[in-house]
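Going letter by letter, the sequence shown gives residues 131 to 392 in my numbering.
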Amino acid sequence: MKLNSITPYLTLIATLFILSCSSDSSTPVVDQPNNKNLGSSARDFLSAEEYTGLSVEIAYVEGFKPSTTTLNNLRTFFNKRLNKPDGITFKETIVPATTSGSLNREEYVKIENDNRTLFNTGDELAVWIFFADQNSESDEGNTRILGTAYLNTSCIIYEKTLQEFSGRIGGANLTLLESITTQHEFGHLFGLVNLGTEMVRPHEDQQPDSSNNEIIKDNKHCNQEDCLMYFQTVGDALGGRMTTLPAFDEFCLEDLRANGGK
131 MKLNSITPYL
141 TLIATLFILS
151 CSSDSSTPVV
161 DQPNNKNLGS
171 SARDFLSAEE
181 YTGLSVEIAY
191 VEGFKPSTTT
201 LNNLRTFFNK
211 RLNKPDGITF
221 KETIVPATTS
231 GSLNREEYVK
241 IENDNRTLFN
251 TGDELAVWIF
261 FADQNSESDE
271 GNTRILGTAY
281 LNTSCIIYEK
291 TLQEFSGRIG
301 GANLTLLESI
311 TTQHEFGHLF
321 GLVNLGTEMV
331 RPHEDQQPDS
341 SNNEIIKDNK
351 HCNQEDCLMY
361 FQTVGDALGG
371 RMTTLPAFDE
381 FCLEDLRANG
391 GK
């Protein structure tokens, strides 16, 4: 996807880009509780039917830990939207520095496999989120990937990329970028939009394909511009057009509540 030619396409991975959000193809995964396709655990996150608690593993490389405010925002976000009567716990895991210069899917999946310590146990659902010290290998031209939800309980945030943009003159607030990117990717883990959580009313965004012709492809994002799940949400933050953390719009909230959430 190019910055000036927004071309979302169907995938099982939801990836957040500057000015847009798209997906990438994924390989079939082994049918294990924490190794399933993106969106398949949406109801597990939202409801208390199978899992009454949530354990969140916050993994990061030294120097790339998200801010305390970002983590507090994430906890508040969970408490507002998830039915977890036994509570939500956070555990921090420090991951060794990477040396590849950029990360592809195979590499960040291996990082998870080598370092993840929390998995679904009993009535406790576990999720892994890695704040990376490298950019995405899929960055191209002026397009930068900020985050990717890639399995049912796994996502990566390209913290290095966020820090680079925040560090520029006039750059966006880092905590705001972290919070928007992280919560957006969790929206995909919750099955939004039409990615495991069915739509109550149609609101999935549609964009022309890479040739800008008449073929329209669903892109797993909301078509409401003020929604957290709108594909250009982070682009607005990066451009200084957003100073407060966006929330789910009424359409996304309807979807979440219909699938067991708040």
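Note that beta-carbon positions come from the ideal geometry of N, C-alpha and C, so glycine has one too.
Worksheet item: Going by Cα to Cα distance, which pick from 314, 165, 201 and 230 is closest to residue 255?
Response: For this step, residue 255 is matched to residue 125 along the sequence shown. Ranking 314, 165, 201 and 230 by Cα distance to residue 255 puts 165 first.
Discussion item. Taking 7 Å as the limit between beta carbons, can you name the residues of its chain near residue 231, skipping five residues before and five after?
Written reply: What you label residue 231 is simply residue 101 of the sequence shown in a count that begins at 1. For residue 231, same chain residues with a beta-carbon under 7 Å away, outside a window of 5 residues either side, are 264 in chain order.
Worksheet entry | Supposed contact pair residue 286 and residue 186 - C-beta distance, whole angstroms, cut 8 Å | Residue numbering aside, residue 186 sits at position 56 when the sequence shown is read from its first letter. Residue numbering aside, residue 286 sits at position 156 when the sequence shown is read from its first letter. With 8 Å as the limit, residue 186 and residue 286 do not qualify as a contact, their Cβ atoms being about 14 Å apart.
Item to complete: Can you give me the Cβ contacts of residue 253 inside the same chain, cut-off strictly under 6 Å, excluding the 5 residues immediately before and after it?
Response: By 1-based counting over the sequence shown, the position of residue 253 is 123. Counting only Cβ-Cβ distances below 6 Å, and skipping sequence neighbours, we find 181 and 182.
Worksheet item: Among the residues of its own chain, which have a CB less than 8 Å from the CB of residue 179, if the five just before and after it don't count?
Response: Taking the sequence shown and counting its residues from 1, one reaches residue 179 at position 49. Once the five neighbours on either side are set aside, the close Cβ partners of residue 179 are 173 and 390.
Fill in: Helix, strand or coil at residue 150 according to DSSP, with G and I counted as helix
In the sequence shown, residue 150 corresponds to position 20, counting from 1. Note on residue 150: pLDDT 43, under 50, position unreliable in the model; the coordinate value appears next. In this structure, residue 150 counts as strand in the three-state DSSP scheme.
Practice prompt. Look at the alpha carbon of residue 387 and the alpha carbon of residue 362, and state the distance between them as a whole number of angstroms.
Written response: Translated into positions along the sequence shown, residue 387 becomes position 257. Translated into positions along the sequence shown, residue 362 becomes position 232. Using only the alpha carbons, I get a separation of about 24 Å.
Worksheet item: Using a beta-carbon distance below 7 Å, is residue 295 in contact with chain B?
Response: No chain B is part of this structure, which consists of one protein chain only.
Worksheet entry | Burial state of residue 356 (16 or more Cβ within 10 Å) | As a first step, residue 356 is located in the sequence shown; it is residue number 226 there, counting from the start. Per the 10 Å Cβ criterion, exposed.
Worksheet entry | Delimiting residues of the beta strand (DSSP E) encompassing residue 317 | For the purposes of this step, residue 317 is taken as the residue at position 187 of the sequence shown. Per DSSP, residue 317 belongs to no beta strand (DSSP E); it is in the alpha helix (DSSP H), 304–319.
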